[in-house]
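A short write-up of the structure that comes next.
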Amino acid sequence: MPRALITGITGQDGLYLAELLVAKGYDVFGMIRGQNNPKMDLVRNAVPEVELIAGDLSDVSGLTRVLRAAEPDEVYNLGAISYVAYSWENASLTTDITGKGVLHMLEATRLYAGDEPASVKFYQASSSEMFGKVQEVPQSESTLLWPRSPYGVAKVFGHYMTINYRESYGMHASSGILFNHESPRRGPEFVTRKVTQAVARIKLGLQSELVLGNLDAKRDWGFAGDYVDAMWRMLQQPEADDYVIATGETHSIRELLDVAFETVGIVDWAPYVRQDPRFMRPAEVDLLIGDPSKAKAVLGWKPQVAFSELIQMMVENDLDEQSALVR
Ligand code: GDR
Numbered sequence: 001m002p003r004a005l006i007t008g009i010t011g012q013d014g015l016y017l018a019e020l021l022v023a024k025g026y027d028v029f030g031m032i033r034g035q036n037n038p039k040m041d042l043v044r045n046a047v048p049e050v051e052l053i054a055g056d057l058s059d060v061s062g063l064t065r066v067l068r069a070a071e072p073d074e075v076y077n078l079g080a081i082s083y084v085a086y087s088w089e090n091a092s093l094t095t096d097i098t099g100k101g102v103l104h105m106l107e108a109t110r111l112y113a114g115d116e117p118a119s120v121k122f123y124q125a126s127s128s129e130m131f132g133k134v135q136e137v138p139q140s141e142s143t144l145l146w147p148r149s150p151y152g153v154a155k156v157f158g159h160y161m162t163i164n165y166r167e168s169y170g171m172h173a174s175s176g177i178l179f180n181h182e183s184p185r186r187g188p189e190f191v192t193r194k195v196t197q198a199v200a201r202i203k204l205g206l207q208s209e210l211v212l213g214n215l216d217a218k219r220d221w222g223f224a225g226d227y228v229d230a231m232w233r234m235l236q237q238p239e240a241d242d243y244v245i246a247t248g249e250t251h252s253i254r255e256l257l258d259v260a261f262e263t264v265g266i267v268d269w270a271p272y273v274r275q276d277p278r279f280m281r282p283a284e285v286d287l288l289i290g291d292p293s294k295a296k297a298v299l300g301w302k303p304q305v306a307f308s309e310l311i312q313m314m315v316e317n318d319l320d321e322q323s324a325l326v327r
């Protein structure tokens with residue numbers, strides 16, 4: 001049975017990827033940080049087959065031990081501090097984990113793989129945040145990177161370090177430039193889930209107002225379950241490479257509000273939504289739209305869930321969750 005190690009196992013993507021790999025017959029190991037991590041039970045309940053190993057992206061010697069314990073054929077580095085707004089307040093920590101953590105994981109994997117550097121396949125979770133102030137529309141693998149947040153800068157470091165390990169040591173290291181991807185498992189700090197949760201609570205009479213930042217930003221939103229499949233496909237290729245994973249469609253926060261409120265039968269959302277500068281960012285990424293043609297051509301990958309379907313799925317899930325809480 002092939003063996004896979006996932007960092008960031010407690011996150012949305014970690015859980016979907018673990019489910020996918022278990023279904024494919026992998027032995028899956030998940031790296032988990034800290035003693036008594038409060039999210040440990042979440043992983044155990046969602047994917048009980050996963051074996052959890054303690055480790056931290058800031059500790060390269062610890063990572064070497066994790067690799068020796070998991071003996072992976074494939075390493076998926078999804079671990080990061082991933083909330084963009086938070087990265088201005090904690091730029092140094094974000095740089096250490098989201099940026100330098102990638103170097104640590106690459107180095108530990110290289111040391112573990114020894115004389116056969118390509119024998120352990122490596123996936124780096126890169127991000128459309130790297131495009132920031134976009135230099136081209138739509139964005140592809142060759143678009144110039146211009147990050148606009150400490151998080152984006154850290155991801156650029158991780159992306160180029162992955163390419164560098166591939167070119168310097170012949171590692172099978174691929175970088176997936178994933179555009180925003182959402183699901184009912186998305187954390188409530190991200191805008192889609194913040195909106196769908198609030199819409200469900202407004203519908204149930206539990207909340208009267210939704211306070212947001214910039215309503216004009218545009219994102220290319222896909223379904224996380226589709227995107228983890230692209231990660232796996234990258235590591236099955238004979239050669240490692242970089243791929244944009246996106247839907248090729250963009251929507252504003254206003255359109256997100258339209259779909260979410262319509263799902264519960266509210267056509268005019270203006271009375272419920274207030275803007276507050278507290279949620280505005282020091283530098284905004286105004287528009288993201290990815291060109292996934294390379295992933296389609298080489299990986300045979302395409303997104304399965306459309307934007308409105310995704311948002312409706314999230315609202316329905318939040319209606320169930322919120323009703324269960326008040327029952
Ligand atoms: P993003 O996702 O920064 O694109 O990064 P997020 O959902 O946080 O923001 C998307 C856009 O919505 C605007 N916005 C708000 N955002 C939040 N979180 N809260 C608000 O109240 C709000 N109001 C407006 C933001 O300004 C922004 O323009 C996500 C993360 O998952 C990253 O880790 C990942 O790398 C990228 O997607 C791809």
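The opening residue of the sequence shown carries number 1 in our numbering; numbering runs sequentially from there.
Heads up, the beta-carbon is just placed ideally off N, CA and C, and yes, glycines get one too.
Predicted model, so just to flag it, every value in this text is computed and none were measured.
- Item | Of the residues Val-84, Ser-82, Ile-245, Val-120, the one placed nearest Val-75, counting alpha carbons only | Val-120
- Item | Rounded Cβ spacing between Pro-150 and Ala-91 (contact assumed at less than 8 Å) | 4 Å
- Message: I need the straight-line Cα distance from Gln-135 to Leu-145, nearest angstrom please.
- Response: 8 Å
- Message: Can you tell me which residues form a DSSP beta bridge with Ser-174?
- Response: Tyr-123
- Message: What would DSSP say about Gln-139, mapped onto helix, strand or coil?
- Response: strand
- Item | Glu-107, DSSP secondary structure in three states | helix
- Query: Would Lys-155 be called buried (16 or more neighbouring beta carbons within 10 Å of its own) or exposed?
  - Reply: buried
- Message: Buried or exposed, going by whether 16 or more other CB atoms sit within 10 Å of the CB of Met-31?
- Response: buried
- What is the DSSP secondary structure of Ala-297, counted as helix, strand or coil? helix
- Message: Going by C-alpha to C-alpha distance, which of Glu-19, Arg-3, Lys-100 sits closest to Ala-70?
- Response: Arg-3
- Query: By DSSP, does Asn-77 sit in helix, in strand, or in coil?
  - Reply: strand
- Message: Between which two residues does the alpha helix (DSSP H) holding Ala-321 run?
- Response: Residue identity check: residue 321 is Glu in the sequence provided, not Ala. First-last of the alpha helix (DSSP H) with Glu-321: 307-326.
- Who are the near neighbours of Glu-49 in its chain, counting only those whose CB is closer than 7 Å to its CB and skipping five residues on each side? Val-22, Val-28
- Going along the chain, which residues of its own chain have a beta-carbon closer than 6 Å to the beta-carbon of Asp-229, five neighbours each way excluded? none
- Alpha carbon of Ala-356 to alpha carbon of Leu-210, nearest angstrom: This structure cannot speak to residue 356, because the chain is shown only from 1 to 327.
- Can you list, in chain order, the residues of its chain whose CB lies under 7 Å from that of His-172, leaving out five sequence neighbours each side? Ala-118, Lys-121, Phe-122, Ala-240
- Message: My assumption, with CB atoms under 8 Å, is that Ser-126 sits in contact with His-159. Please give the rounded CB distance.
- Response: 4 Å
- Task: For Leu-212, write down the residues that DSSP places opposite it in a beta bridge.
- Result: Gln-275
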